[in-house]
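Mind the numbering: the sequence shown is residues 15 to 493 in the working numbering, read in order.
Beta carbons are placed, not taken as given, at the ideal position from N, Cα and C, and that holds for glycine.
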Amino acid sequence: MPTSTSEPLTGAPRPYDLAVIGAGPAGLAAAVTAADLGLRCALVDAGRSSGGQYYRHPAPGLGASRPDRLHHGWSVYTGLADRLAAHRAAGRVDLLAGHQVWALERSGERDWRLHATTGPDADDRTTVRSAAVLLAPGPYERQLPFPGWTLPGVVTAGGAQAMLKAGLVLPGRRIVVAGSGPLLLAAASSLVTAGAEVPAVVEATAYLGYARRPGVLAAVPAKLVEGAGHGSALLRHGVRLRPRSAVVEAHGDDRVTAVTVARLDADWRPVPGSERRIECDALAVGHGLVPQIELATELGAATRTTPDGTAALKVDARLRTTVRGLWAAGETCGVGGADLAITEGELAAHAVADQPVRTALLRRRSRLRAFAELMAAAHRPGAGWTDWLREDTDVCRCEEVPAGRIREAVDELGAGDARTVKLLTRAGMGWCQGRMCGPAVACLAGGGELPEESRADSRPFSCPVPLGQLAAERDDDEG
């Protein structure tokens, strides 16, 4: 099974031609393609192996003999991993696993420095130098809180898949899958195939948004086949699909034991009298994905608002951001799936190497990106979801900030945006730095509506960094 780790570096003998941040589909494709084109690359990832979240796989010690049964398109990953192994053996690519990049710094036209942490101690740090940087860190899940969402047994939809792919374990035996977006069908399909009972897939939309642009659907037949495959698996296992519905409350003391599901109107408001209780011992819930763009926005990179209301990096046809020497590919440019991410990784590598690109690849990217925009529009949350919340429902889990305090900041203290709410309530100041609560806080600050223009937070560090490492960085600079 492809896997790799590396020791922390104190610096390379010479700067790399390209540093790729993220070893998921986009970053992996970018690194091996750039190496094919003659560039010397560093592939940097916080995980302990290549593949990212999408191609997450069990550790060798677990002895999984058929990891392909946990994935869609596993052969695509193994092909990329084999190419990576060949380039590593030839010295064209260094895989720097276990490296969490917390800041980018440019000291010259072609002199980037990537500051990364590799552990908790002061010496667990490294700086990678490169002439160009390609961002491909992927997304994280969007959560819309509801009463009981902090109970043990409530996990994200992607988290349930990660537990299965990496640990070969299930979050429970009877699992309700809920939220919105195509990830729900994939997660439910994986769970029932692994032996879990899924009494319902609760989807907040009705999938009607996809019918608005039939030409876009017809241009990506593989996506239709993939969706049909997930649907067939659910039908075989008797899983019920509940469209235009949502989990509005989770019940239990020490862990979740049941959920209340309600029908939604067109604005995602629960329909009175439609509530139904479903017994379960786990809930996998998520409302789509949010691009990780913090490293770029701190440098002033421009963003765009995707149809589902999230902020993504603005790039041109060659995947260049508005910051010179900085490229981006995959979900960072707007969530669209592994096929699009791989295509954009290849395109970006050609752009960095200043090489021409096949017309077929450009057309493929255009088709897949159009489908991504359609998908985002089809699953955009409605403003009425905030009616699920009670005043005592925690919105920010890290700082335990309830919905009532956020509404007070908006209605009585005049907060009109998420940043002001954060300053008044500490919502988003915890360990996750707003990754879990950020979209919900922004909606509450806007009266339930998603902002017309997403404005990503800009902060010096994209992740928590031990103070000892910051002090060591300063000592190095002074030296």
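### Task
Taking only the alpha-carbon atoms, compute the straight-line gap between P257 and V212 and give it to the nearest angstrom.
15 Å
### Query
What is the DSSP secondary structure of R120, reduced to helix, strand or coil?
strand
### Query
According to DSSP, what are the bridge partners of A264?
V273
### Query
Bridge partners of Y69, per DSSP?
Partner(s): none; Y69 has no beta bridge.
### Separation of G300 from P29, as counted between CA atoms
40 Å
#### Entry: Inter-residue Cα distance where the pair is L340 and L148
6 Å
### Query
A174 by DSSP, collapsed to three states: which one?
helix
### Query
Taking the Cβ atom as the reference point for each residue, do A95 and W116 lie within a distance shorter than 8 Å?
no
#### Entry: Element boundaries [beta strand (DSSP E), containing E217]
A214 to E217
### Task
Check each candidate in D31, Y68 and P196 and name the one with the smallest Cα separation from D125.
D31
### Message
Three Cβ pairs or more, each shorter than 8 Å: is that satisfied between the segment 435-449 and the segment 186-195?
### Response
no
### Message
Using 8 Å as the threshold, is the C-beta distance between A315 and V337 below it?
### Response
yes
### Message
Pull the bridge partners of Y30 from the DSSP assignment, please.
### Response
S144
### Query
Which first and last residues belong to the beta strand (DSSP E) in which S194 is found?
I189 to S194
### Query
So, T335 versus V329, is the Cβ gap smaller than 8 Å?
yes
### Task
Helix, strand or coil for D330, going by three-state DSSP, please let me know.
coil
### Query
Can you tell me whether DSSP reads R291 as helix, strand or coil?
strand
### G350 versus F385: straight-line alpha-carbon distance, rounded
8 Å
#### Entry: As assigned by DSSP and simplified to three states, the class of E155
strand
#### Entry: Environment of P474 [buried if 16+ CB atoms lie within 10 Å]
exposed
### Task
Output the distance between the C-alpha atoms of A180 and P81, rounded to the nearest integer angstrom.
9 Å
### Query
Taking the DSSP output, what are the residues bridged to T131?
Q114 and R139
### Message
If you measure between the beta carbons of L98 and V46, is that distance less than 8 Å?
### Response
yes
### Buried versus exposed call for V34 [16 or more other C-beta atoms within 10 Å across all chains shown]
buried
### Query
Whose C-beta lies closer than 6 Å to the C-beta of P453 among residues of the same chain, with five residues either side of it excluded?
R156
### chain D contact for R97 (CB, 8 Å cutoff)
Included in the structure is just one protein chain, with no chain D present.
#### Entry: Burial state of S89, where buried means 16 or more other Cβ atoms lie within 10 Å
exposed
### Query
Over what stretch of residues does the beta strand (DSSP E) that includes W163 continue unbroken?
Per DSSP, W163 belongs to no beta strand (DSSP E) and is neither H nor E.
### Query
If you compare alpha carbons, which of A363, I307 and E426 is closest to T324?
I307
#### Entry: P416 to C410 span [Cα, whole Å]
7 Å
### Query
Can you list, in chain order, the residues of its chain whose CB lies under 8 Å from that of A276, leaving out five sequence neighbours each side?
S259, A260, V262, P284, V285, S288, E289 and R290
### Query
Which residue from Q447, E123 and T346 puts its Cα closest to that of P153?
T346
### Query
What's the C-alpha gap between D267 and E387?
40 Å
### Message
Rounding to the nearest angstrom, what Cα-Cα distance links A145 and E119 in this structure?
### Response
12 Å
### Message
Going by beta-carbon coordinates alone, are L205 and A174 separated by less than 8 Å?
### Response
yes
### I292 and A264 closer than 8 Å at C-beta
no
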